[in-house]
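In the UniProt record's numbering, the protein residues as written are 1 to 248. A quick write-up on the structure given underneath.
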Ligand SMILES: CC(=O)[C@@H](O)[C@H](O)COP(=O)(O)O
Ligand SMILES: NCC(=O)COP(=O)(O)O
């Protein structure tokens, strides 16, 4: 496995939009948050255009496409409408995620193993317009093998179960599952990212896993920004993960 001490921070701005949508106002603007995040050290900006449009809107994505100086990581469900939208948008990265309307948040990874043909077709369509396609999956050996089999160049391992662990033993077991998943993905030559539920208290152990390329972090960062401001929240997270990655 080729390892590097460098780790990237993808800042997810969905929940800036959540606050705006709660009142139907023009503020706070996720586009401003994205620009502030870039200035504070974000390596990329992640947005999830959900089918129910509960937070990010098309308007946000189109504006971001024009103004971002880093790169957009566009999260989307695997539907014909979203595929057609992404083909027109041509983001630098697309992350395919599972989506259901009732869920509070993305509760698990994409089941690539059970829908290989459908995911492979999506990977091919998005790769054809120049996007690097990543699959948001659980750190499950079968799903990682399937991600490789369908031709995805990248995966993002779902860290939600690690973040939600109730005991240190449970967290350690989930951490090990993720570390094993990173090693397996790297053996296949995949770019391995991780994210979901990461915060200022639990992120360092994940950032210290050799081979992790990028962490996508949103909810905790936006929450912290309420108290310290968006640039400081991003800078603190970037410093934390950069220092942790030095310990690899
Ligand atoms: C796919 C993922 O983990 C994040 O984008 C997350 O979905 C943030 O948005 P929600 O909280 O709406 O799930
Ligand atoms: N893909 C995970 C992501 O973008 C951010 O998830 P969260 O930090 O908002 O839970």
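All C-beta atoms in this analysis are idealised placements derived from N, C-alpha and C, irrespective of residue type, glycine included. If you're wondering where the values come from, they're calculated on a predicted model, not measured in any experiment.
Report the rounded CA-to-CA distance for residue i versus residue j, giving the unit in angstroms.
i, j, result
"residue 170", "residue 138", "16 Å"
"residue 56", "residue 248", "35 Å"
"residue 102", "residue 51", "11 Å"
"residue 204", "residue 241", "6 Å"
"residue 199", "residue 42", "15 Å"
"residue 213", "residue 224", "24 Å"
"residue 183", "residue 150", "19 Å"
"residue 88", "residue 64", "14 Å"
"residue 6", "residue 130", "25 Å"
"residue 222", "residue 17", "10 Å"
Does DSSP put residue i in a helix, in a strand, or in coil?
i, result
"residue 127", "helix"
"residue 107", "coil"
"residue 24", "coil"
"residue 61", "helix"
"residue 45", "strand"
"residue 87", "helix"
"residue 194", "strand"
"residue 68", "coil"
"residue 93", "strand"
Can you find a heavy atom of ligand 1 that lies under 7 Å from the Cβ of residue i?
i, result
"residue 224", "no"
"residue 14", "yes"
Can residue i be considered in contact with ligand 2, in the sense that its beta carbon sits closer than 7 Å to one or more heavy atoms?
i, result
"residue 189", "no"
"residue 93", "no"
"residue 216", "yes"
"residue 219", "yes"
Hey, could you find the ends of the beta strand (DSSP E) residue i is sitting in?
i, result
"residue 144", "No beta strand (DSSP E) contains residue 144, which is instead part of the alpha helix (DSSP H) from 141–149."
"residue 75", "72–76"
"residue 158", "154–158"
"residue 217", "214–217"
Have a look at the options and flag the residue whose alpha-carbon is nearest the alpha-carbon of residue i.
i, options, result
"residue 202", "193, 217, 210 and 189", "217"
"residue 60", "104, 35 and 144", "35"
"residue 72", "136, 25 and 62", "62"
"residue 207", "24, 179, 230 and 228", "179"
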